[in-house]
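The numbering used here applies: residue 73 is where the sequence shown begins, and numbers increase by one. Built from N, CA and C at the ideal position, the CB exists for glycine as well. Structure record follows, encoded as C-alpha cells.
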Amino acid sequence: MASFGPAPLFTNHVDLHQASTHKVKNPTTVSAYPIATGSSVFGIKYDEGVLMGADTLVSYGKMARYPNVQRLYKVNESTVITCTGDFADFQEITSMLERMQIEEERTQNEVTMQPRSLHIYLTRYLYKKRTDFDPKWTNIVVGGMQDGVPYLGYINMIGLAYTEDAVTTGLGGSIALPLMRKLKDQHPDRALTFNEARGVMEESLKLGFALDCVAYPKFQIATITKEGVKIGEPQTVALDWKYVKGFPGHSLINIFFLLFYLYIETIKFP
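Next up, the structure:
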C-alpha cells in the first residue's frame, strides 16, 4: 500500500530530554591552542642570498623546556623553512615535506621543490586546514634561491601570505622589523651586502632575547646561496642592556610596565 505522508495526529517534536542526554562517541577534536612553542624568527635578503635566524628554544607554555632544538629546517639545497608557534604542528609539516622529497627521489623526478612553489603549497595547505576548523598554529617563513634570485616569504596560520625583503614573526615584528627596514631604506639603490645583513640579523636576535620573555640566548643562522644551504652552529649571546638602550620603543616599554605596576598596586583585594 502506498504511503502519502505521516499518519493523522503524527508529531515530529524532538524529545528534549533524550537530546540533552545523548552523548557523541569518539568525537573529533583538534588543538584549541598551542602548547610547546617557538618564539620569533627572522629573515632578510641580501645581494647573494638569504639569511634566516631563530633561537634554539621550544617553550612549554612559558617554561624554557627544550633549550637545544634546531628550528631551522633544510628542505633541500635551495630552501629553508622555520616557524613561530606550535612546534608539534611544525614537525608535522616538516615530516610531510620529507615524505614529498623521498617520493620525488623515488620516482627519479629531476624537478626539485623551489622556495616559491613551496611557499604557495604551504599557503594552500594552511588555508585548507583553517577552513576545516583544524588550523596549524604556526607562522612560517620560507627562504631560498628561486632561479638564482633570493626569495623570502611569510605565511600565517590562516593562509595569509606575502613576500618581502625582510620578514619577522611574533614579537620580532615590533622589535626587529623596524631595524631591518631602516637599514634597507639607507641603501634604496642597491641590495644589502652579506656583512650588513649578518650584522642586522645578529642585532635582531640580541634584541629579541632582551625584550621577549620566551626568547633564548642561543641561536642559529642559516645562509642560503647559489652554492646551497648552510645552517651555522649554535651561538650564544650574553644579556647586555646596551642593546636595549638605543631601541626606539625602550622608553615606552618602561612607561607601560611602570603604569601597569602602579595599577596593580592600587587594586584592593578583599
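Comparing C-alpha positions only, which one of the options sits nearest to residue i?
{"i": "threonine 241", "options": "Met124, Asp257 and Tyr138", "result": "Met124"}
{"i": "alanine 287", "options": "Gly271, Asn267, Leu311 and Ala294", "result": "Leu311"}
{"i": "serine 131", "options": "Glu170, Thr109 and Val113", "result": "Thr109"}
{"i": "isoleucine 116", "options": "Pro260, Ala269 and Met135", "result": "Ala269"}
{"i": "asparagine 211", "options": "Lys290, Val122, Gly304 and Asp161", "result": "Asp161"}
{"i": "glutamine 292", "options": "Ala282, Pro306, Lys302 and Gly280", "result": "Pro306"}
{"i": "glycine 300", "options": "Ser112, Glu120, Ala104 and Lys278", "result": "Glu120"}
{"i": "leucine 127", "options": "Lys298, Cys285 and Gln180", "result": "Correcting the residue type first, residue 127 is aspartate in the shown sequence and not leucine. Taking only the C-alpha atoms, the option nearest aspartate 127 is Cys285."}
{"i": "alanine 166", "options": "Leu190, Lys290, Val122 and Phe281", "result": "Checking the sequence shown, residue 166 turns out to be threonine, not alanine. Of the listed residues, the one whose Cα sits closest to threonine 166 is Leu190."}
{"i": "threonine 195", "options": "Pro289, Met229, Leu264 and Phe266", "result": "Met229"}
{"i": "glutamate 236", "options": "Arg188, Asn267, Tyr197 and Arg171", "result": "Arg188"}
{"i": "valine 309", "options": "Lys302, Thr295, Met273 and Lys298", "result": "Met273"}
{"i": "threonine 203", "options": "Glu177, Thr179, Gly231 and Val214", "result": "Gly231"}
{"i": "phenylalanine 266", "options": "Pro289, Pro222, Lys278 and Tyr138", "result": "Pro222"}
{"i": "threonine 154", "options": "Lys256, Val213, Lys254 and Ala238", "result": "Val213"}
{"i": "glutamine 163", "options": "Arg178, Lys146 and Thr179", "result": "Lys146"}
Residue i bridges to which residues according to DSSP?
{"i": "valine 122", "result": "Lys117 and Ile296"}
{"i": "valine 239", "result": "Gly115"}
{"i": "phenylalanine 291", "result": "Asp127 and Gln307"}
{"i": "asparagine 211", "result": "Thr156"}
{"i": "glutamine 218", "result": "Val221"}
{"i": "threonine 151", "result": "Asn148 and Gly216"}
Which residues in the same chain as residue i place their Cβ atom closer than 6 Å to its Cβ, once the five residues preceding and following it in sequence are excluded?
{"i": "proline 106", "result": "Gly157, Asp158 and Trp209"}
{"i": "serine 150", "result": "Gly216 and Met217"}
{"i": "leucine 264", "result": "Tyr118"}
{"i": "lysine 302", "result": "Thr295"}
{"i": "asparagine 140", "result": "Thr128"}
{"i": "leucine 283", "result": "Ile247"}
{"i": "valine 86", "result": "For valine 86, the predicted model reports a pLDDT of 48, less than 50, meaning its position is unreliable; a value from the coordinates is still stated below. Closer than 6 Å at Cβ, skipping near neighbours: no residue."}
{"i": "tyrosine 138", "result": "Val130"}
{"i": "glycine 304", "result": "Gln292 and Ile293"}
Counting only beta-carbon atoms, is residue i nearer than 9 Å to chain C?
{"i": "tyrosine 193", "result": "Among the chains in the structure shown there is no chain C, since it carries only a single protein chain."}
Going by other Cβ atoms of all chains shown within 10 Å of its Cβ, with 16 needed for buried, is residue i buried or exposed?
{"i": "arginine 143", "result": "buried"}
{"i": "phenylalanine 205", "result": "exposed"}
{"i": "glycine 244", "result": "buried"}
{"i": "methionine 135", "result": "exposed"}
{"i": "proline 342", "result": "Residue confidence is low: proline 342 scores 43 on pLDDT, short of 50, so the model does not pin down where it sits. Its coordinate-derived value is still stated next. Flag for proline 342 reads exposed."}
{"i": "lysine 340", "result": "Because the pLDDT of lysine 340 is 46, which lies under 50, any placement of that residue in the model is unreliable, and the question is left without a value."}
{"i": "serine 111", "result": "buried"}
{"i": "leucine 169", "result": "buried"}
{"i": "glycine 220", "result": "exposed"}
{"i": "proline 260", "result": "exposed"}
{"i": "alanine 238", "result": "buried"}
With a threshold of 7 Å on Cβ separation, who are the neighbours of residue i within its own chain once the five nearest residues in sequence on each side are excluded?
{"i": "asparagine 148", "result": "Gln173, Thr184 and Met185"}
{"i": "arginine 178", "result": "none"}
Got a sec, what are the start and stop residues for the alpha helix (DSSP H) residue i sits in?
{"i": "tyrosine 223", "result": "Unbroken run through tyrosine 223 is the beta strand (DSSP E), 221-227; no alpha helix (DSSP H)."}
{"i": "glycine 231", "result": "Neither: glycine 231 is in no alpha helix (DSSP H) and is coded neither H nor E."}
{"i": "alanine 282", "result": "266-283"}
{"i": "threonine 203", "result": "187-203"}
{"i": "proline 250", "result": "249-258"}
Ends of the beta strand (DSSP E) at residue i?
{"i": "methionine 135", "result": "135-138"}
{"i": "tyrosine 145", "result": "145-148"}
{"i": "threonine 109", "result": "108-110"}
Counting only the same chain and skipping the five closest in sequence on each side, list residues whose C-beta sits under 8 Å from that of residue i.
{"i": "tyrosine 234", "result": "Gly225 and Tyr226"}
{"i": "serine 276", "result": "Phe114, Gly125, Thr240, Gly244, Ile247, Ala248, Leu251 and Met252"}
{"i": "glycine 280", "result": "Ser111, Ser112, Phe114, Asp127, Leu243, Gly244, Ile247, Ala248 and Ala287"}
{"i": "glutamate 176", "result": "Val183, Thr184 and Met185"}
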